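Novice: The sequence shown begins at 1 in full-length UniProt numbering and counts up by one. The beta carbon of each residue, even a glycine, is placed where N, CA and C say it ideally should be. A quick note: this is a predicted structure, and the numbers were derived from the prediction, not measured.
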Amino acid sequence: MQATRQNWQVFTGETYLQTEPPIDPSSVTRWRKRLGEAGIEELLAETIEAAKRAGMIKAASVKRVIVDTTVMQKAIVHPTDSRLLERCREHLVKAAAPHGLKLRQNYNREASRLGLEIGRCARAKQYKRMRKALRTLRSRVGRVMRDVER
């Protein structure tokens, strides 16, 4: 994360652009688990004491602590009909391959095109055209499903 965020590097006082992360995130996680909750508390207390000794903070400022609980947005995808149908089709095609089933058609290109069309139509509030594309996608998934059942 730090290697790609130049603004963050400037904010944290880096003088040169770092292209590699300073430490592997997995190592930090393992170290944190090894320390445990009590160890982290002790480390925090020692950090606060060191800041007091250095005159960086006053004793009165640690009596009341304000916690910033800002949450970063996650890339959450809601389960839309078109996406569920597309994933169903993908799973059927992948499940057929190890068993040596030769599908007549897997509709890879058409399904992705229909998914994009459904998204565009929904955004433009062209619901009739969107439902038509959704119906087509549903029939393509049904064809693949029946082909696998044979």
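1. Any contact of the stretch 80 to 87 with the stretch 123 to 143, i.e. 3+ C-beta pairs under 8 angstroms?
2. Can you name the start and end residues of the alpha helix (DSSP H) that residue 91 belongs to?
3. Would you grab the beta carbon distance between residue 107 and residue 65 for me? Rounded to a whole angstrom, and I think it's under 8 angstroms.
4. Cβ of residue 144 within 7 angstroms of any heavy atom in the ligand GTP?
5. With the cut-off set at 8 angstroms, would you say residue 32 and residue 23 are in Cβ contact?
6. Compute the distance between the beta-carbons of residue 140 and residue 117, then report whether it is under 8 angstroms.
7. Return the first residue and the last residue of the alpha helix (DSSP H) that residue 47 is part of.
Specialist: Let me lay it out:
1. yes
2. 81 to 96
3. Going by Cβ atoms, the distance from residue 107 to residue 65 rounds to 57 angstroms, so no, they are not a contact pair.
4. Absent from the structure shown: the ligand GTP. Ligands present: none.
5. no
6. no
7. 25 to 53
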